[in-house]
Amino acid sequence: MTTRMQKVTVICELRAQPAYLALLERVGARGHTEWTVTGAGAHGARSGDTDEDANVQIEVIVDGATSERLVALVQDEFFPCYPSIVYTTEVGVVRAGKFGQG
Amino acid sequence: MTPSFVEALQLNLVTPGVLFFVLGLVAAVVKSDLKFPEPLYTALTIYLLVAIGFKGGVSLSKADLGSLVAPVGALVALGALIPAWCYPALRRLGRLSPADAAAIACHYGSVSAMTFLAGTNFLASIGMPYEPHTVAFLAVMESPAIIVGILVGRLVTRTKTPGAPALAATVRASLHEAVAGKSVVLLVGAMLVGWACGPRGAAATEGFFVAPFQGILALFLLEMGLVAGRRLGDLRRVGLFLVAFGVLAPILHGALGVLIAHATGLSVGGAVLVGLLAASASYIAAPAAVRTAIPEANPTLYLTAALVITFPFNITLGIPLYHALARAIYGG
Chain G
1 MTTRMQKVTV
11 ICELRAQPAY
21 LALLERVGAR
31 GHTEWTVTGA
41 GAHGARSGDT
51 DEDANVQIEV
61 IVDGATSERL
71 VALVQDEFFP
81 CYPSIVYTTE
91 VGVVRAGKFG
101 QG
Chain B
1001 MTPSFVEALQ
1011 LNLVTPGVLF
1021 FVLGLVAAVV
1031 KSDLKFPEPL
1041 YTALTIYLLV
1051 AIGFKGGVSL
1061 SKADLGSLVA
1071 PVGALVALGA
1081 LIPAWCYPAL
1091 RRLGRLSPAD
1101 AAAIACHYGS
1111 VSAMTFLAGT
1121 NFLASIGMPY
1131 EPHTVAFLAV
1141 MESPAIIVGI
1151 LVGRLVTRTK
1161 TPGAPALAAT
1171 VRASLHEAVA
1181 GKSVVLLVGA
1191 MLVGWACGPR
1201 GAAATEGFFV
1211 APFQGILALF
1221 LLEMGLVAGR
1231 RLGDLRRVGL
1241 FLVAFGVLAP
1251 ILHGALGVLI
1261 AHATGLSVGG
1271 AVLVGLLAAS
1281 ASYIAAPAAV
1291 RTAIPEANPT
1301 LYLTAALVIT
1311 FPFNITLGIP
1321 LYHALARAIY
1331 GG
């Protein structure tokens, strides 16, 4: 038995991680998962050789309303300073209470 | 015999550190697949900061601490004041935004431990003695400029960018970086350990902190060459002004450092290192603090200036230049 929730994924530079975690705290998200990633895009190659060249992918699972608040905050306060990629995915979670629902 | 500028330049260029740095640059330019895994870069940094801090601490345990008060006070003041003239120069002459000018000023007021190490290598190669506790100057000069530069940055960025931290949060973050940033913890912490253990501790760890040091520094500089080489293309984006600033600011700051060393009674070798410290630009502590505290600033500008222009300049031409300056000022 699963509950429908939203997974919000952000891919940003490692240095932007504290600012994004502060946003997660503001919307009341409980916990997150993150890992360093490499790739290339509008800002060239992100090799991950040093902290300055490293990207991080951060995922959090929240309910629909929190997801919308988070995405709005990201657009208003995060994008202007930190180039990043953000997307949401609908997921079915077990034990929705862990993510602030149920 | 003290070498002339040209001899010093030749001696400095033909050292494992500088040549491995050049090898890294070349490897990046020819797009070699040579790549250091990030954990290795971090490990090399930790080793070098701990080794230099520990050895400095051991020598502090034998030094007269009273003799350090005058140079430490003067160098803390220099570090804190460098952003005060770098900021208007970058704003007015370079027409950079307030955030970019403050961010770059932070980097040039703070210091680079690896540049300092390259300087100690040079002095060892020409047999010039220096006060071994100069590493204490490295430790005290790291943070003042970061704190001042960040405060200037926040105060002058009047139109608050969304997402930029509030002033109180910035003060907290910059103070935290000043006392708890990884480079400060490693350097100052290892210095305290070395100071507490004294020569007995040095003898016990010599095989690890002294014998492999030069090889590990060479490996680190190879990686720095790769990192700088991959950013060479950014030189075109930062403009001629910043390239000139990245060379002229170190020369001015290096001269001030040598003068302070002379006025506070350090040896010629000590003056070369203090000049080099004042001339160096941070690329470990400052970028981390600045990206969080002045997020409006463009990292390409300050990283390219510190890493691609000033660092290579200092370890190749800068060291013999500050050596020549020190000799001229000391009249030797």
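Chains as they are written, first to last, in the working numbering: chain G, 1 to 102; chain B, 1001 to 1332. Note that beta-carbon positions come from the ideal geometry of N, C-alpha and C, so glycine has one too. Here the structure is a predicted model, which means the values were calculated and not measured.
Here's a check: name, in chain order, each residue in its chain whose Cβ is nearer than 8 Å to the Cβ of residue i, leaving out the five neighbours to either side.
{"i": "residue 1199 of chain B", "result": "1058, 1061 and 1062"}
{"i": "residue 1327 of chain B", "result": "1002 and 1268"}
So if DSSP puts residue i in a beta bridge, which residue, or which two residues, is it bridged to?
{"i": "residue 7 of chain G", "result": "G:61 and G:89"}
{"i": "residue 12 of chain G", "result": "G:56 and G:84"}
{"i": "residue 46 of chain G", "result": "G:39"}
{"i": "residue 103 of chain G", "result": "Limits of chain G in this structure are 1 at one end and 102 at the other, which puts residue 103 of chain G out of reach."}
How long is the line joining the alpha carbons of residue i and residue j, rounded to whole angstroms?
{"i": "residue 1069 of chain B", "j": "residue 1098 of chain B", "result": "34 Å"}
{"i": "residue 86 of chain G", "j": "residue 10 of chain G", "result": "4 Å"}
{"i": "residue 1222 of chain B", "j": "residue 1242 of chain B", "result": "25 Å"}
{"i": "residue 1245 of chain B", "j": "residue 64 of chain G", "result": "50 Å"}
{"i": "residue 1081 of chain B", "j": "residue 1287 of chain B", "result": "19 Å"}
{"i": "residue 3 of chain G", "j": "residue 100 of chain G", "result": "12 Å"}
{"i": "residue 73 of chain G", "j": "residue 1089 of chain B", "result": "36 Å"}
{"i": "residue 39 of chain G", "j": "residue 58 of chain G", "result": "15 Å"}
{"i": "residue 1259 of chain B", "j": "residue 1049 of chain B", "result": "27 Å"}
{"i": "residue 1203 of chain B", "j": "residue 1051 of chain B", "result": "13 Å"}
{"i": "residue 1154 of chain B", "j": "residue 1293 of chain B", "result": "8 Å"}
{"i": "residue 1173 of chain B", "j": "residue 1194 of chain B", "result": "28 Å"}
{"i": "residue 1031 of chain B", "j": "residue 44 of chain G", "result": "15 Å"}
{"i": "residue 1019 of chain B", "j": "residue 1168 of chain B", "result": "45 Å"}
{"i": "residue 1277 of chain B", "j": "residue 1009 of chain B", "result": "18 Å"}
{"i": "residue 1214 of chain B", "j": "residue 1261 of chain B", "result": "26 Å"}
{"i": "residue 1136 of chain B", "j": "residue 1073 of chain B", "result": "12 Å"}
{"i": "residue 1110 of chain B", "j": "residue 98 of chain G", "result": "45 Å"}
Quick one: residues in its chain with C-beta nearer than 7 Å to the C-beta of residue i, no 5 flanking neighbours on either side, listed in chain order?
{"i": "residue 1034 of chain B", "result": "1027 and 1226"}
{"i": "residue 84 of chain G", "result": "10, 11, 12, 16 and 78"}
{"i": "residue 1322 of chain B", "result": "1254, 1258, 1272, 1275, 1276 and 1279"}
{"i": "residue 1234 of chain B", "result": "1300, 1304 and 1308"}
Using CA atoms only, rank isn't needed, just tell me which of the options is closest to residue i.
{"i": "residue 1284 of chain B", "options": "B:1318, B:1331, B:1146 and B:1235", "result": "B:1146"}
{"i": "residue 1025 of chain B", "options": "B:1007, B:1230 and B:1320", "result": "B:1230"}
{"i": "residue 1280 of chain B", "options": "B:1290, B:1313, B:1297 and B:1298", "result": "B:1313"}
{"i": "residue 1139 of chain B", "options": "B:1095, B:1192 and B:1125", "result": "B:1192"}
{"i": "residue 1012 of chain B", "options": "B:1038, B:1093 and B:1127", "result": "B:1127"}
{"i": "residue 1311 of chain B", "options": "B:1022, B:1046 and B:1016", "result": "B:1022"}
{"i": "residue 19 of chain G", "options": "G:56, G:94 and G:6", "result": "G:56"}
{"i": "residue 1006 of chain B", "options": "B:1124, B:1319 and B:1331", "result": "B:1319"}
{"i": "residue 1118 of chain B", "options": "B:1181, B:1217, B:1107 and B:1076", "result": "B:1217"}
{"i": "residue 1036 of chain B", "options": "G:33, G:31, G:23 and G:51", "result": "G:51"}
Are there 16 or more other CB atoms within 10 angstroms of the CB of residue i, so buried, or fewer, so exposed?
{"i": "residue 35 of chain G", "result": "exposed"}
{"i": "residue 1056 of chain B", "result": "buried"}
{"i": "residue 29 of chain G", "result": "buried"}
{"i": "residue 1029 of chain B", "result": "exposed"}
{"i": "residue 1196 of chain B", "result": "exposed"}
{"i": "residue 1105 of chain B", "result": "buried"}
{"i": "residue 1115 of chain B", "result": "buried"}
{"i": "residue 1296 of chain B", "result": "buried"}
{"i": "residue 46 of chain G", "result": "buried"}
{"i": "residue 1131 of chain B", "result": "buried"}
{"i": "residue 1092 of chain B", "result": "exposed"}
{"i": "residue 1180 of chain B", "result": "exposed"}
Would the C-beta of residue i count as close to the ligand HEM, meaning under 7 Å from any of its heavy atoms?
{"i": "residue 1004 of chain B", "result": "Of ligands this structure carries none, so the ligand HEM is not represented either."}
If I measure Cβ to Cβ from residue i and keep anything under 6 Å in the same chain, skipping five residues before and after, which residues do I get?
{"i": "residue 1134 of chain B", "result": "1270 and 1273"}
{"i": "residue 1190 of chain B", "result": "1050, 1053 and 1054"}
{"i": "residue 1238 of chain B", "result": "1301 and 1304"}
Does any CB atom of chain D fall closer than 8 Å to the CB of residue i?
{"i": "residue 63 of chain G", "result": "The chain inventory of the structure shown lacks chain D, comprising the protein chains G and B."}
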